[in-house]
Amino acid sequence: MSQPQEGAPTWVKIFLVPLIQLTVALVISSLVVLLVRESPTAAFSVMIQGATNLEYGGLNNTLYYATNFVFTGLAVAVAFHAGLFNIGGEGQAYIAGLGIGILMLVLDDTFSVWLMAPLAIIVSAAFGALWGAIPGYLQAKRGSHIVVTTIMFNFIAFSVMGYALVEHIAKYGGNSTDSRYFNPEAVFPKLYELASSWGYELPFSLLNPSIILALIVAYLVWVMLFRTRLGYAIRVVGQNADAAEYAGIDAKKIIIIAMTISGALAGLMAVNEVFGAQNRLILNFTGGFGFIGIAVALMGRNHPFGIIVAALLFGALYQGGTELQFEMPSLNPELIMVIQGLVIFFTGALDRMIRKPVEGFFSRRRSNDKEAANGTV
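Anchor point for the sequence shown: position 280 equals 278 in the numbering used here, and the numbering is continuous, going up by one each time.
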């Protein structure tokens, strides 16, 4: 009699499957590049060099983009573990940016970065948490679908930001779609600015200390999810809410808590963008990064450390795509977006199409090897 089928090895789930997904996406992307009579090898070479070079700040900009994706990927992952699909990262980060903007415009001439930085982190997390908690409450208490409510709250956030910025904030300095610049002494310095103060010269980039915050938060999320009772409750609710209730876990409460944490994590993206990179509040500063977080979480298997790796990949895609526009003008921005979209498509939307057969193959192979070792074949 055959033994129960073993699961696929961890290295297959974490490394091999994403590698195959990325390879398939790059092969299809190569065909797209060939259609416009350009060399895929040259195109990908430009992207890799543009994303990793140190001389012109490519690697630093890759890390800057990756910082955003770590925050939004973690936000999606926490919600996923609770069985929820948070598509509201854009709105949660947007509202968090508004919170930081108001804080800075009021206090940036009063306090230095040493006080403003923790205040900005707290405010961004609080505003994002509020924007995530409301859909969580509606899902838990009123049965409103989380996907619908988070999408709607994105639009509400965009409208609130537009009204506040154009009708009020911009009138106190800045242009019609942005605020005045914050006091340089009250915001995160860029890496190249820090290096210059220490006697080193680095190329311009938007990389700032927010990347350290992202790594710390990723570790804390890992601890929370896999080393605490709250994390256990979140995962149990995500796997089977009815079983969780039977075990004495308040599933509705956990849903609200998970969405609150998810919103706070998405809100922290505003620290990198508003407090660290732009040093002012501008419209559309989120740049779609909240949605990219979905693909990052899927590719990282909703694990904080996997999300860091996936965020680096997508950061490289963004920075490499920017470099490609300058080095190969025949590849217009829309085509570059197609290449990026294909990677998202195969690592996100078609995740199970590739993952299921690959993991199934290694799972069967593992089971057969175990049966052979036990003499049951």
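Virtual Cβ for every residue (Gly too), placed ideally from N, Cα, C. No experiment lies behind these values; they were computed from the predicted model shown.
Rounded straight-line distance, which links the Cα of residue j to that of residue i
i: residue 390; j: residue 270; result: Because the chain in this structure spans residues -1 to 375, residue 390 falls outside the shown range and cannot be described.
i: residue -1; j: residue 369; result: Here residue -1 scores only 42 on pLDDT, less than 50, and its place in the model is too uncertain to base an answer on.
i: residue 156; j: residue 52; result: 36 Å
i: residue 163; j: residue 185; result: 20 Å
i: residue 375; j: residue 360; result: Any reading at residue 375 needs caution, since the residue's pLDDT is 48, under 50, leaving its predicted position unreliable; the model's value is listed next. For residue 375 and residue 360, the distance between alpha carbons rounds to 18 Å.
i: residue 35; j: residue 172; result: 44 Å
i: residue 126; j: residue 266; result: 8 Å
i: residue 170; j: residue 268; result: 21 Å
i: residue 175; j: residue 168; result: 7 Å
i: residue 292; j: residue 372; result: 42 Å
i: residue 136; j: residue 305; result: 28 Å
i: residue 289; j: residue 85; result: 7 Å
i: residue 223; j: residue 11; result: 19 Å
i: residue 92; j: residue 327; result: 32 Å
i: residue 97; j: residue 121; result: 6 Å
i: residue 325; j: residue 43; result: 11 Å
i: residue 100; j: residue 276; result: 15 Å
i: residue 367; j: residue 237; result: 29 Å
i: residue 88; j: residue 5; result: 35 Å
i: residue 218; j: residue 32; result: 44 Å
i: residue 356; j: residue 199; result: 47 Å
i: residue 246; j: residue 296; result: 30 Å
i: residue 143; j: residue 312; result: 29 Å
i: residue 18; j: residue 102; result: 45 Å
i: residue 48; j: residue 345; result: 22 Å
Residues sharing a beta bridge with residue i, DSSP
i: residue 290; result: Note: residue 290 sits in no beta bridge, so no partner.
i: residue 280; result: 176
Close Cβ partners of residue i (< 7 Å) along its chain, the five nearest in sequence each way excluded
i: residue 336; result: 30
i: residue 249; result: 235, 239, 242 and 243
i: residue 258; result: 127, 130, 131 and 134
i: residue 41; result: 31, 322, 326 and 329
i: residue 72; result: 215, 216, 219, 263, 302 and 305
i: residue 95; result: 268, 271, 272, 279 and 283
Cβ neighbours of residue i in the same chain (closer than 6 Å, five flanking residues each side left out)
i: residue 382; result: The chain is shown from -1 up to 375; residue 382 falls before or after that span and cannot be answered.
i: residue 148; result: 84, 85, 86 and 133
i: residue 208; result: 65, 269, 270 and 274
i: residue 287; result: 66 and 70
i: residue 229; result: 222 and 223
i: residue 26; result: 340
Boundaries of the alpha helix (DSSP H) in which residue i is found, first to last residue
i: residue 258; result: 249 to 265
i: residue 152; result: 144 to 165
i: residue 304; result: 302 to 325
i: residue 129; result: 111 to 140
i: residue 346; result: Neither: residue 346 is in no alpha helix (DSSP H) and is coded neither H nor E.
i: residue 212; result: 208 to 225
i: residue 108; result: Careful: residue 108 lies outside any alpha helix (DSSP H) and carries neither H nor E.
i: residue 86; result: Where residue 86 is concerned, there is no enclosing alpha helix (DSSP H), given that its DSSP letter is neither H nor E.
i: residue 16; result: 15 to 33
i: residue 71; result: 56 to 79
i: residue 397; result: Outside the displayed span of the chain (-1 to 375) sits residue 397, for which this structure offers no information.
i: residue 38; result: 38 to 50
i: residue 183; result: Taken as a continuous stretch (DSSP letters only), residue 183 belongs to no alpha helix (DSSP H), as it is neither H nor E.
i: residue 198; result: Where residue 198 is concerned, there is no enclosing alpha helix (DSSP H), given that its DSSP letter is neither H nor E.
Sequence-distant residues of the same chain with beta carbon closer than 8 Å to residue i, five excluded per side
i: residue 50; result: 56, 57, 60 and 314
i: residue 202; result: 55, 188 and 190
Interface flag, residue i vs chain B, CB-CB below 7 Å
i: residue 273; result: The structure shown has no chain B; it contains just one protein chain.
Could you tell me whether the stretch 190 to 200 touches the stretch 106 to 114, where touching means 3 or more Cβ pairs closer than 8 Å? Contact between the stretch 190 to 200 and the stretch 106 to 114 is absent, because fewer than three Cβ pairs lie under 8 Å.
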